[in-house]
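Below: the structure, in structure tokens.
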Amino acid sequence: MRLQHYILRLNRFNRLIKPNNTVQLCSFSTDNWNFDDQLLDAVLTSDNKFKGKLTHKNFNSNTLCELEEKIQFKRPNNELEVSIIFEQLGKFLSSETPLALKEFFENNKLDTAINAHILGETSSIESIIVTSTTVANLFGSYYGNFENLNKTNKSFILLQNILNKCYLDIQQVSFSQLPMEKLVPLYFVLHKYGGEFINPKLMDAIKERVILHVNNTTSIDFILGLLGKVKLTPDQSKIIFNKARELLPNLSLSQSVSLIHYIAATKERPIIFLQEIAQHMELKQDEPLSSNQLVDLASALNKLSFSNSQILKLICKNLPENIKSTSNASKLSTVFSSLSSVNCGNKDLWELMENWLNKNYKELNIKGIIQVVISFSKLNLPAETIKVPLNYFNNTVTIKNFDNSNILLRYVYGMAIFGKMTPRMAESILKKEFVNDLLYQKPENMKMYLLNLIAQIDCAARNELNDFDRSKFSLKKYIKTDTGLINEITSIIYDKKAINYIELANSAIQRILGSQKKCSGPRLIQDAFLVNNIFTYIGDSEIGIVNDWDKLINSNDPKIGFVFISNRHVISDIETGVGIREAGAVSFKIRVLEKMGFKIIRLYESEFQKNSTAAENVDYVKKEMEKILGL
7 MRLQHYILRL
17 NRFNRLIKPN
27 NTVQLCSFST
37 DNWNFDDQLL
47 DAVLTSDNKF
57 KGKLTHKNFN
67 SNTLCELEEK
77 IQFKRPNNEL
87 EVSIIFEQLG
97 KFLSSETPLA
107 LKEFFENNKL
117 DTAINAHILG
127 ETSSIESIIV
137 TSTTVANLFG
147 SYYGNFENLN
157 KTNKSFILLQ
167 NILNKCYLDI
177 QQVSFSQLPM
187 EKLVPLYFVL
197 HKYGGEFINP
207 KLMDAIKERV
217 ILHVNNTTSI
227 DFILGLLGKV
237 KLTPDQSKII
247 FNKARELLPN
257 LSLSQSVSLI
267 HYIAATKERP
277 IIFLQEIAQH
287 MELKQDEPLS
297 SNQLVDLASA
307 LNKLSFSNSQ
317 ILKLICKNLP
327 ENIKSTSNAS
337 KLSTVFSSLS
347 SVNCGNKDLW
357 ELMENWLNKN
367 YKELNIKGII
377 QVVISFSKLN
387 LPAETIKVPL
397 NYFNNTVTIK
407 NFDNSNILLR
417 YVYGMAIFGK
427 MTPRMAESIL
437 KKEFVNDLLY
447 QKPENMKMYL
457 LNLIAQIDCA
467 ARNELNDFDR
477 SKFSLKKYIK
487 TDTGLINEIT
497 SIIYDKKAIN
507 YIELANSAIQ
517 RILGSQKKCS
527 GPRLIQDAFL
537 VNNIFTYIGD
547 SEIGIVNDWD
557 KLINSNDPKI
567 GFVFISNRHV
577 ISDIETGVGI
587 REAGAVSFKI
597 RVLEKMGFKI
607 IRLYESEFQK
617 NSTAAENVDY
627 VKKEMEKILG
637 L
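Quick note: to get my numbering, add 6 to the position in the sequence shown (first position is 1).
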């Protein structure tokens with residue numbers, strides 16, 4: 007009752023007093039509300055005692071409601087007290103809704119406090135930075151990007167005035183006097199919500215000073231924040247990489263994963279540094295990785311085009327435990343999707359993935375189903391081992407489940423690799439409306455890649471589906487000319503590393519077969535499948551002379567095709583490095599070509615890498631020809 011008496015006497019609160027001696031405070035009872043000791047003492051003794059300056063200690067609040075009570079006790083009288091309020095308010099930005107925070111700001115007239123004590127007085131650089139950070143974060147969370155703010159809106163005007171003052175004050179303070187621990191969060195907040203729409207000069211000024219701070223920091227979180235959130239020049243990236251290299255020996259495995267993940271977000275590809283990170287990660291390999299970290303790591307490797315056996319082994323080491331312990335089927339499907347992007351694994355892991363799918367396929371949502379089909383088909387997992395889930399997916403997934411034409415194409419292509427594509431699936435991606443939507447605003451090289459996938463699906467449907475009756479898909483409807491088409495498809499299939507291997511393979515074939523009339527050179531079959539070279543034979547062993555290669559290809563005469571399989575098209579055992587099988591797209595191509603009457607001779611880049619002379623290359627090609635033809 008004593009507490010009630012003094013609260014009523016001070017007339018500080020408008021509260022409801024209940025008969026059970028409980029005072030309602032912002033929907034909390036005094037039985038549960040944990041007052042700060044100094045505040046409680048002030049209430050119970052004298053209101054005059056609380057008329058001094060606010061401090062962090064006596065103004066600390068555990069809830070937004072508690073903060074409001076303390077503001078009602080004492081309005082801020084200077085810039086320090088205003089900054090303390092906003093520093094406290096900043097604690098609740100992640101726990102409270104944007105609407106609740108905006109209402110708190112308005113109900114407590116914090117704009118008046120800013121105008122009076124931050125904008126209307128000479129304030130310290132720390133106070134203006136702290137206030138700017140919280141206000142920008144609050145308005146950003148409420149309005150979204152600052153670009154959405156109307157320039158006549160009072161929130162825009164207030165924020166603009168604060169940031170303008172912040173810019174002027176920063177310009178007048180030397181770098182050594184700047185509170186960088188306060189300035190860095192401000193930059194990240196402004197970068198998140200589009201601070202350049204309010205004050206681009208401030209953004210540039212802070213960025214310049216933040217980069218200068220790199221040499222003084224020992225915080226890897228600061229470095230990761232810069233890599234992940236700031237658009238850096240190559241020189242700025244180099245500065246940050248050098249600092250990260252200094253910090254590398256003390257990084258945990260989790261921090262190392264984050265470092266690679268954020269490096270991948272830049273446009274840089276520091277191979278030597280990435281190798282150093284990989285070596286450090288190997289030293290930390292006993293530390294566990296979560297499924298989210300595996301996704302980040304695998305997707306980063308794919309984005310960087312950085313294949314590293316140490317990191318791939320780390321992924322494969324951690325994945326089995328994640329498969330066993332993670333109950334979220336959709337999360338695991340995301341891990342599998344990332345794993346397939348780097349073509350790594352081993353027989354035990356793939357078998358574990360197959361068993362997992364057979365047990366959990368009904369737990370997957372549509373997104374998870376799509377990810378599983380795309381990723382498992384890339385890894386070329388045998389369709390017969392997962393036929394029950396695949397049949398279930400065919401009965402569950404419909405065209406209506408897709409709002410993205412690109413994802414639909416990848417899903418249908420995955421089902422085509424498995425040999426589980428239905429006529430309805432094929433028809434859905436061959437419609438003119440679908441193709442136009444798919445190609446809309448795509449760069450030319452991407453258009454060619456997507457059109458080739460459609461052509462492959464069309465070719466497979468006409469050769470593998472008995473009840474598919476549709477005219478051949480033509481790339482010429484969607485591209486200006488087919489001049490150089492084979493070269494474009496070749497550049498899509500093979501990376502630059504494989505160019506030398508292709509030249510060696512073609513040279514060996516020409517030495518064996520002789521003239522151009524005996525070997526075709528690269529041919530694109532029905533706009534779909536690239537065959538690197540073709541020849542025919544007469545009788546049991548004589549190589550035939552061909553005057554019209556198109557006629558041969560479309561005939562029932564014997565035709566033998568060479569398919570060059572580069573290292574990136576092989577799924578290899580991560581421990582031994584030995585190739586286990588071709589990637590799904592290669593296996594799919596060979597299967598359809600064989601349906602069309604081809605006999606296929608596979609030539610692997612890895613075998614050419616073992617040879618040191620042209621004669622050895624010729625011997626290798628001859629042996630592969632003998633396996634198929636007995637020539």
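No residue lacks a Cβ here, since even glycine has one placed at the ideal position from N, Cα and C.
Cβ shell of residue i (< 7 Å), same chain only, five flanking positions each side left out
i    : result
V624 : A514, R517, I518
C172 : I134, I135, S138, L208
I321 : L300, L303, A304, L345, C350
I283 : L254, S262, L265, I266
D396 : Residue identity check: residue 396 is Leu in the sequence provided, not Asp. Same-chain partners within the cutoff: A389, F424, K426.
N26  : The predicted position of N26 is uncertain, since its pLDDT is 39 and thus under 50; a value taken from the coordinates is nonetheless stated next. Hits under 7 Å: none found.
L155 : Y149, S161, F162
E360 : L387, T391, I392
N170 : N205
E622 : none
Opposing strand residues paired with residue i [DSSP bridges]
i    : result
R608 : V569
E548 : I544
G585 : S578
F535 : I531
C465 : None; C465 has no bridge partner.
C350 : S578
Supposed contact pair residue j and residue i - C-beta distance, whole angstroms, cut 8 Å
i    : j    : result
F342 : F399 : That pair is no contact at about 14 Å.
I607 : F568 : 5 Å
L642 : N167 : Lying outside 7 to 637, the shown extent of the chain, residue 642 is not represented and no answer is given.
L599 : I531 : 7 Å
S258 : K290 : 7 Å
I559 : G550 : Going by Cβ atoms, the distance from I559 to G550 rounds to 13 Å, so no, they are not a contact pair.
N66  : G96  : The pair is not a contact, with the Cβ atoms about 13 Å apart (cut-off 8 Å).
Which listed residue (the options) has its alpha carbon closest to that of residue i
i    : options                : result
C71  : L107, S129, E87        : L107
I577 : R587, K97, L155, L396  : R587
I278 : F312, I495, V263       : F312
M602 : E112, T404, K565       : K565
Q4   : E132, H219, I634       : In the structure as shown, the chain starts at 7 and stops at 637, and residue 4 therefore has no counterpart that could be examined.
M287 : T496, K319, M427, S411 : K319
E581 : I392, R597, N352       : N352
Q78  : I559, I91, E85, L86    : I91
N538 : E369, I492, S129       : I492
T224 : P206, L233, N256, H197 : N256
V418 : M454, I375, Q522       : I375
Proximal residues to residue i (C-beta, below 8 Å), its chain only, five neighbours per side dropped
i    : result
V394 : N364, Y367
K337 : S297, N298
W356 : L385, L387
Q285 : Q316
N151 : Y199, G200, F203
K323 : Q291
T51  : Because T51 carries a pLDDT of 36, less than 50, the predicted location of this residue cannot be relied on, and the following value inherits that uncertainty. Contacts found: none.
R215 : I176, F181, L184, M186, L189
Endpoints, the alpha helix (DSSP H) within which residue i is located
i    : result
K1   : Coverage of the chain is limited to positions 7 through 637, which leaves residue 1 absent and any answer about it impossible.
M427 : Counting along the chain, M427 falls outside any alpha helix (DSSP H), and DSSP gives it neither H nor E.
E127 : Careful: E127 lies outside any alpha helix (DSSP H) and carries neither H nor E.
G590 : 590 to 601
K201 : As written in the sequence, residue 201 is Gly, which differs from the Lys given in the question. No alpha helix (DSSP H) contains G201, which DSSP labels as neither H nor E.
K557 : 555 to 559
F479 : No alpha helix (DSSP H) contains F479, which DSSP labels as neither H nor E.
F440 : 438 to 445
Y398 : 393 to 402
K368 : That residue, K368, is in no alpha helix (DSSP H); it is neither H nor E in DSSP.
K160 : 160 to 177
R517 : 505 to 519
Cβ neighbours of residue i in the same chain (closer than 6 Å, five flanking residues each side left out)
i    : result
D533 : A461, L481
M186 : H219
N38  : Confidence in N38 is poor, its pLDDT being 39 and thus under 50, which makes the residue's placement unreliable; the coordinate value appears in the next sentence. Result list for N38: empty, nothing under 6 Å.
L46  : Any reading at L46 is ruled out, since the residue's pLDDT is 34, under 50, leaving its predicted position unreliable.
A620 : none
K59  : Only weak support exists for where K59 lies, its pLDDT of 47 falling under 50; the value from the coordinates is given anyway. Correct list: empty, nothing qualifies.
A306 : I266, H267, A270
S89  : S133, V136, T137
A466 : A422, V598
E494 : M454
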